[in-house]
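A quick write-up on the structure given underneath.
Protein chains: 2
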Amino acid sequence: MTAEAAQSPLAAPFSQIAADINTLFDEVLGVPDDARDRLVEAMRYAAMGGGKRLRPILVCASADLFGVPRSMSLRAGLAVECIHAHSLIHDDLPCMDDDDLRRGKPTVHVAFDEATAVLAGDALLALAFDILGAAETHPDAEVRVELTRELSRAAGAWGMAGGQMLDLRPMAGPVDMDAVARLQRLKTGAIIAWSVDAGAVLGRASSEERTSLRGFAHSLGLAFQIADDMLDCSGNAATVGKRLRKDEEQGKATFVTLLGEDRARRQAQMLIDQAVEHLKPFGARSALLRHIAKFSVDRAY
Amino acid sequence: MTAEAAQSPLAAPFSQIAADINTLFDEVLGVPDDARDRLVEAMRYAAMGGGKRLRPILVCASADLFGVPRSMSLRAGLAVECIHAHSLIHDDLPCMDDDDLRRGKPTVHVAFDEATAVLAGDALLALAFDILGAAETHPDAEVRVELTRELSRAAGAWGMAGGQMLDLRPMAGPVDMDAVARLQRLKTGAIIAWSVDAGAVLGRASSEERTSLRGFAHSLGLAFQIADDMLDCSGNAATVGKRLRKDEEQGKATFVTLLGEDRARRQAQMLIDQAVEHLKPFGARSALLRHIAKFSVDRAY
Numbered sequence: 000m001t002a003e004a005a006q007s008p009l010a011a012p013f014s015q016i017a018a019d020i021n022t023l024f025d026e027v028l029g030v031p032d033d034a035r036d037r038l039v040e041a042m043r044y045a046a047m048g049g050g051k052r053l054r055p056i057l058v059c060a061s062a063d064l065f066g067v068p069r070s071m072s073l074r075a076g077l078a079v080e081c082i083h084a085h086s087l088i089h090d091d092l093p094c095m096d097d098d099d100l101r102r103g104k105p106t107v108h109v110a111f112d113e114a115t116a117v118l119a120g121d122a123l124l125a126l127a128f129d130i131l132g133a134a135e136t137h138p139d140a141e142v143r144v145e146l147t148r149e150l151s152r153a154a155g156a157w158g159m160a161g162g163q164m165l166d167l168r169p170m171a172g173p174v175d176m177d178a179v180a181r182l183q184r185l186k187t188g189a190i191i192a193w194s195v196d197a198g199a200v201l202g203r204a205s206s207e208e209r210t211s212l213r214g215f216a217h218s219l220g221l222a223f224q225i226a227d228d229m230l231d232c233s234g235n236a237a238t239v240g241k242r243l244r245k246d247e248e249q250g251k252a253t254f255v256t257l258l259g260e261d262r263a264r265r266q267a268q269m270l271i272d273q274a275v276e277h278l279k280p281f282g283a284r285s286a287l288l289r290h291i292a293k294f295s296v297d298r299a300y
Numbered sequence: 000m001t002a003e004a005a006q007s008p009l010a011a012p013f014s015q016i017a018a019d020i021n022t023l024f025d026e027v028l029g030v031p032d033d034a035r036d037r038l039v040e041a042m043r044y045a046a047m048g049g050g051k052r053l054r055p056i057l058v059c060a061s062a063d064l065f066g067v068p069r070s071m072s073l074r075a076g077l078a079v080e081c082i083h084a085h086s087l088i089h090d091d092l093p094c095m096d097d098d099d100l101r102r103g104k105p106t107v108h109v110a111f112d113e114a115t116a117v118l119a120g121d122a123l124l125a126l127a128f129d130i131l132g133a134a135e136t137h138p139d140a141e142v143r144v145e146l147t148r149e150l151s152r153a154a155g156a157w158g159m160a161g162g163q164m165l166d167l168r169p170m171a172g173p174v175d176m177d178a179v180a181r182l183q184r185l186k187t188g189a190i191i192a193w194s195v196d197a198g199a200v201l202g203r204a205s206s207e208e209r210t211s212l213r214g215f216a217h218s219l220g221l222a223f224q225i226a227d228d229m230l231d232c233s234g235n236a237a238t239v240g241k242r243l244r245k246d247e248e249q250g251k252a253t254f255v256t257l258l259g260e261d262r263a264r265r266q267a268q269m270l271i272d273q274a275v276e277h278l279k280p281f282g283a284r285s286a287l288l289r290h291i292a293k294f295s296v297d298r299a300y
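Sequence lines, in order, name chains C and U. In terms of numbering that gives the first Met the number 0, the first sequence is numbered consecutively and its last residue is 300. In terms of numbering that gives the first Met the number 0, the second sequence is numbered consecutively and its last residue is 300.
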């Protein structure tokens with residue numbers, strides 16, 4: 000286990016997943032012996048630079064419900080972590096959020112340069128689909144192609160990229176909880192939902208099981224975003240490892256600005272209770288998913 | 000047929016393909032009724048704004064060799080055109096080539112803004128894999144997943160993005176024909192090679208047939224790049240629709256700076272002869288591919 004994995008905030012049951020994701024990134028991101036080395040180094044810097052590994056952990060915990068071999072769920076987790084790293088690199092660019100710090104380190108465009116950051120984000124996005132398509136991810140090509148399509152939608156204009164566009168533009172009309180929840184559902188919710196669903200797709204879950212897990216993912220995604228908004232508002236920048244109070248500076252409506260901190264905290268807790276309720280059909284097998292749900296609001300970063 | 004398609008430089012046999020690609024883009028890029036409209040409008044601006052449609056035409060002409068229904072090859076062509084549009088948007092960004100003009104129109108980051116350009120490029124890259132994964136592209140999921148994986152590799156760090164990285168960095172060691180050809184093989188060659196191979200994959204070509212087509216694509220890609228270099232050097236900016244003489248300004252080695260114009264032209268012609276030679280096993284069926292090969296060096300834009 001690497002030192003980084005040992006620091007995983009999700010502790011014992013998940014630190015192995017974080018370590019395995021790092022090992023897999025090390026394998027798929029071999030540095031070429033020519034001027035492309037800078038590009039791959041930037042991809043490694045972004046992808047292997049820590050992070051909670053929440054999304055791969057969700058894939059694995061969901062897949063565990065259906066007895067999917069870890070070798071398969073880890074690959075789907077690796078793919079979604081490529082998408083996540085891609086989105087952070089591009090989000091941090093000067094023309095987007097213009098952030099210098101991420102996970103306590105200079106962002107990719109600061110540590111390298113803007114052009115390399117654009118290309119590294121692009122290449123990580125493309126890499127996700129190469130990883131998902133490999134036979135090692137699942138022996139059935141129908142399963143691989145379903146994962147691929149759903150991930151491309153979760154990442155694209157009708158998912159994450161669309162959410163980022165909404166986030167960049169001033170909201171029209173009344174900025175209420177519905178509008179903020181809608182933005183979250185696209186910007187971060189679609190990829191979290193894919194992560195939970197991927198375990199079910201790999202495990203050929205029944206449609207009832209998938210519906211339960213979708214309910215879980217929906218509530219979890221909202222709770223996770225509220226927790227993020229609370230950290231942005233009252234967290235410690237050194238612990239969180241990135242610039243905070245951005246929403247406030249930019250005058251953006253968030254769950255916390257709309258509800259206040261106390262109500263936001265209660266709302267997050269209520270959402271976690273709802274999320275856990277959706278796991279009932281899975282009984283004791285869902286202990287890991289319940290653990291993630293609790294962590295998602297009780298974290299300091 | 001749209002006015003734009005009617006202007007296709009490849010004339011009659013191909014203008015229908017260009018028109019069909021526009022129609023398909025219009026279908027897959029429906030503008031949402033909210034603030035994401037700006038993102039999708041930028042994607043449409045980039046993807047439907049003309050262009051030679053060389054890559055979709057290559058997919059269709061290659062697939063025609065094997066009697067693949069046009070409805071299938073057009074979808075693979077649509078996917079590769081998403082990748083092409085993605086790469087042009089990001090290539091034109093201020094931190095990359097910093098170009099204001101493309102196909103005679105302001106580039107995406109000028110017509111919209113940089114953040115929208117980054118997101119539109121990202122979303123087009125993601126969209127390609129959604130399109131390829133759909134059952135309408137091919138009934139066999141194994142075929143779809145093979146197309147997906149190969150395209151993700153052709154676009155990513157070990158293909159186009161890697162080539163763009165090479166292009167951004169001063170070359171180490173002697174800058175000779177091999178170094179320039181190697182850059183081309185990654186930066187533009189990988190996607191051209193995918194386009195020709197996609198037709199063969201859709202048509203379940205034999206390995207001998209695929210090898211022949213790979214030879215064709217390799218020679219064609221090089222010839223196409225030499226023609227591009229010649230246009231950059233002596234073309235008319237108004238006709239070509241983008242800023243020219245960039246290579247010269249930046250002191251970059253190209254086929255033309257290394258060989259001179261006359262030898263470069265002869266080299267391109269020789270490559271086209273080689274490309275056509277690879278088509279021999281297909282006899283008269285390959286008339287369309289031969290036509291594309293001829294066009295690729297005889298064009299004014």
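Beta carbons are placed, not taken as given, at the ideal position from N, Cα and C, and that holds for glycine.
Is the beta carbon of residue i sitting closer than 9 Å to the one on residue j?
| i | j | result |
| --- | --- | --- |
| Val-195/U | Ala-216/U | yes |
| Asp-96/C | Asp-90/C | yes |
| Ala-197/C | Leu-146/C | yes |
| Val-144/U | Arg-143/C | yes |
| Ala-45/U | Gly-103/U | no |
| Asp-231/U | Arg-213/U | no |
| Leu-64/C | Phe-294/C | no |
| Leu-57/U | Ile-191/U | yes |
| Met-42/U | Ala-84/U | yes |
| Arg-284/U | Ile-225/U | no |
| Asp-228/U | Asp-246/U | yes |
| Leu-126/U | Ala-34/C | no |
| Ile-16/C | Cys-59/C | yes |
| Val-30/C | Leu-77/C | no |
| Arg-101/C | Leu-87/C | yes |
| Gly-188/U | Ala-122/C | no |
Just to confirm the assignment, what range does the alpha helix (DSSP H) spanning residue i have?
| i | result |
| --- | --- |
| Gly-132/C | 113-132 |
| His-83/U | 69-91 |
| Phe-223/U | 206-233 |
| Arg-301/C | In the structure as shown, chain C begins at 0 and stops at 300. Residue 301/C is therefore absent and cannot be evaluated. |
| Val-255/U | 254-258 |
| Asp-36/C | 36-46 |
| His-137/U | It is not in any alpha helix (DSSP H) - His-137/U carries neither H nor E in the DSSP assignment. |
| Cys-304/U | Residue 304/U cannot be examined here, being either before or after the span of chain U that is shown, 0 to 300. |
| Ala-110/C | 107-110 |
Would residue i pass as an interface residue toward chain D - the criterion being a Cβ-Cβ separation below 9 Å?
| i | result |
| --- | --- |
| Leu-23/U | Of the protein chains in the structure, C and U, none is chain D. |
What are the start and end residues of each continuous alpha helix (DSSP H) run of 4 or more residues lying completely inside the stretch 150-202 of chain C, in chain order?
159-167, 176-183 and 189-201
Assess contact between the stretch 144-156 of chain U and the stretch 127-142 of chain C, defined as three or more Cβ pairs (one per stretch) separated by less than 8 Å. Is contact present?
yes
Below 9 Å between beta carbons is the criterion; list the residues of the stretch 78-89 of chain U that meet it against any residue of chain C, in chain order.
Ile-82, His-85, Ser-86 and His-89
Flag this pair as touching only if the stretch 66-74 of chain U and the stretch 216-229 of chain C have three or more C-beta atom pairs under 8 Å; answer yes or no.
no
Residues of the stretch 141-156 of chain C with a CB closer than 7 Å to any CB of chain U: list them in chain order, please.
Glu-141, Arg-143, Val-144, Thr-147, Arg-148, Ser-151, Arg-152, Ala-154, Gly-155 and Ala-156
Answer yes if the stretch 260-275 of chain U comes into contact with the stretch 285-292 of chain U, meaning at least three C-beta pairs across the two stretches below 8 Å, and no otherwise.
yes
Okay, do the stretch 24-40 of chain C and the stretch 113-124 of chain C touch, 3+ Cβ pairs below 8 Å being the bar?
yes
Quick test of the definition: if touching needs 3 or more C-beta pairs under 8 Å, does the stretch 228-240 of chain U touch the stretch 159-166 of chain U?
no
Mind listing which residues of the stretch 121-133 of chain C have their C-beta closer than 9 Å to chain U's C-betas, in chain order?
Asp-121, Ala-122, Leu-123, Leu-124, Ala-125, Leu-126, Ala-127, Phe-128, Asp-129, Ile-130, Leu-131, Gly-132 and Ala-133
The stretch 173-183 of chain U touching the stretch 252-271 of chain U, judged by at least three CB pairs closer than 8 Å:
yes
Contact between the stretch 52-65 of chain U and the stretch 17-32 of chain U (3+ Cβ pairs under 8 Å)
yes
Given a limit of 8 Å on CB to CB distance, which residues of the stretch 232-255 of chain U reach chain C?
none
Looking at chain U, which residues of the stretch 200-231 of chain C have a Cβ within less than 7 Å of any of its Cβ atoms?
none
If the cut-off is 8 Å on Cβ atoms, which residues from the stretch 35-58 of chain U count as contacting chain C, listed in chain order?
Arg-35, Arg-37, Leu-38, Val-39 and Met-42
Quick one, which residues of the stretch 101-118 of chain U are near chain C if we go by CB-CB under 9 Å, in chain order?
His-108, Asp-112, Glu-113, Ala-114, Thr-115, Ala-116, Val-117 and Leu-118
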